[in-house]
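Asker: This structure is in structure tokens; I'll ask about it shortly.
Protein chains in written order, with the UniProt record's numbering: chain Z, 1 to 261; chain D, 1 to 261.
Spelled out as structure tokens, the structure:
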């Protein structure tokens, strides 16, 4: 285990930049995982991080000590920081002072979709994107394609909301969703409050792509036109809209229900 | 329309206190609705507010002007504030400077449940609570009962996430959920990742109460024991948990699907 005690240390500066800026994460192709749950998930699903960073105070926490020991047994770098320096790296209030620095997974994007997938067209809210990733992974979906206007998936808020779903998914960002749909043969279901075909009338037992749009404006017109189905989640109340992450969860698990029936 | 220009005005001070503190909202039995969508929904579903508060700059916005005119035609008080004073009242960045001051609806709690309902046991995150209210209302559920440990439903974040669902629901807070369950004859379905009965194997065509628990710990043991069913949402992925709001949405709409089938 190394120790860094100066704010001018280049590695500390790199961490600070990655902690504060999605742009820095994008540019470096690296991201930070914050807290015990995400770090444990990474270890279980992806193995060693590039670097494990821990505050001196957190070393007394048995869960943290266990994670540090596992990192060392996998020959990952471990660096301890004074608690005061660590504070600037974490957005989690009252969190455990533990971070993994990892290479952002960069899977090669397939030219066409052949398995069930989620397409996010301009979903803005990081909490919504994270919740969608979490629900998709829990329903057994493995691929997520995001348009340029969708929230950056490897930001702290999206990572926190997805609770490790990132590590079992293939996530593709800055995707030309129109071209992807055109190149694919599977059904593309655009969700819309104005559609007529009801979700539970669609046969979902084969692979489908779920196209979910912006919180306010929904799916963009040009993508809506390219979808093979426009589908509505039926409502029964006087409130006629759903949160996009709630809508996604309903869709993914209706598919799972039909497949398990 | 009145005009308030001093920070020392008692009405302005009341607004500031309600804007900043859930405790003040609870104590006063009043709440603030922030922005065009919530105010429009209130007008449509509940009628006149006690008071419509608007910044001078926002009066030029046609949607705001329309809402102000409707308030005046309903003989509601309307007060204009300089933009600088309004700023301290709103948590919405780049929002439209419009607020309704309303009496928090305080429906009389029934001794027992007889229609489908949602029971929230210590759900902490305001965004989750708001999303659950929104999904429940959209699925046609009309009653929500919250334990003392659940996030305050009339806070800005919950109101924003629920998008007006509050105004079609009966919301009961600080409820002794155990006593309520004991007094009720409808099925109570406690959602749990560890249960064996699968959601889609339960007959949901009659009235049921959905019991949803804390984001980390789930439903408390004593309530779990009182439920008539312990139910799991089946999973297919290597990620084995769902966000509580996503879980709620899946449950409420599985019930709607069965009812419409």
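Glycine residues also receive a C-beta, built at the ideal position from the N, C-alpha and C atoms.
(1) If we ignore side chains and look at the alpha-carbon of each, how far apart do residue 151 of chain Z and residue 31 of chain Z end up?
(2) If we ignore side chains and look at the alpha-carbon of each, how far apart do residue 94 of chain Z and residue 162 of chain Z end up?
(3) Which residues, in order along the stretch 108-139 of chain D, keep a beta-carbon less than 7 Å from a beta-carbon of chain Z?
(4) Taking C-beta to C-beta, are residue 199 of chain Z and residue 231 of chain Z nearer than 8 Å?
(5) Residue range of the beta strand (DSSP E) that residue 42 of chain D falls in?
(6) Quick check: residue 211 of chain Z and residue 125 of chain Z, are their CB atoms within less than 8 Å of each other?
(7) Give me the subset of the stretch 240-255 of chain Z whose CB atoms are less than 9 Å from a CB atom of chain D, sorted by chain position.
(8) Chain D partners of residue 238 of chain Z, CB-CB under 8 Å?
(9) Name the residue from D/243, D/247, D/8 whose alpha carbon lies nearest to the alpha carbon of residue 85 of chain D.
(10) Given that a residue counts as buried once 16 or more other Cβ atoms are within 10 Å of its Cβ, and exposed if not, what is residue 140 of chain D?
(11) For residue 98 of chain Z, tell me which candidate among Z/207, Z/133, Z/137, Z/55 has the shortest Cα-Cα distance.
(12) Using 8 Å as the threshold, is the C-beta distance between residue 36 of chain Z and residue 63 of chain Z below it?
(13) If you measure from the beta carbon of residue 171 of chain D to each beta carbon in chain Z, is any gap under 8 Å?
(14) Is it the case that the Cβ atoms of residue 5 of chain D and residue 82 of chain D are separated by a distance below 8 Å?
(15) Taking only beta-carbon positions, decide if residue 207 of chain Z is within less than 8 Å of chain D.
(16) For the beta strand (DSSP E) that contains residue 232 of chain Z, what are its first and last residues?
(17) From what residue to what residue does the beta strand (DSSP E) around residue 237 of chain D run?
(18) Compare the Cα-Cα distances from residue 47 of chain D to each of D/129, D/168, D/204 and report the closest residue.
(19) Since residue 248 of chain Z and residue 135 of chain Z should fall inside the 8 Å C-beta cutoff, what is the C-beta to C-beta distance between them, to a whole number of angstroms?
(20) What in chain Z is Cβ-close to residue 257 of chain D, meaning under 7 Å?
(21) In whole angstroms, what is the alpha-carbon distance linking residue 146 of chain D and residue 53 of chain Z?
Answerer: According to the data block:
(1) 15 Å
(2) 19 Å
(3) From the stretch 108-139 of chain D, only 127, 131, 134, 135, 137, 138, 139 have a Cβ closer than 7 Å to chain Z.
(4) yes
(5) Here residue 42 of chain D belongs to no beta strand (DSSP E); instead the alpha helix (DSSP H) covers 36-46.
(6) When the beta-carbon positions are compared, residue 211 of chain Z and residue 125 of chain Z stay at least 8 Å from each other.
(7) 240, 241, 242, 243, 245, 246, 247, 248, 249, 250, 252, 253, 254
(8) 45, 137, 168
(9) D/8
(10) buried
(11) Z/55
(12) yes
(13) no
(14) Yes.
(15) no
(16) 229-232 is the span of the beta strand (DSSP E), which, as asked, contains residue 232 of chain Z.
(17) Careful: residue 237 of chain D lies outside any beta strand (DSSP E) and carries neither H nor E.
(18) Nearest C-alpha to residue 47 of chain D among D/129, D/168, D/204: D/168.
(19) 6 Å
(20) 200
(21) Here the alpha carbons of residue 53 of chain Z and residue 146 of chain D stand approximately 40 Å from one another.
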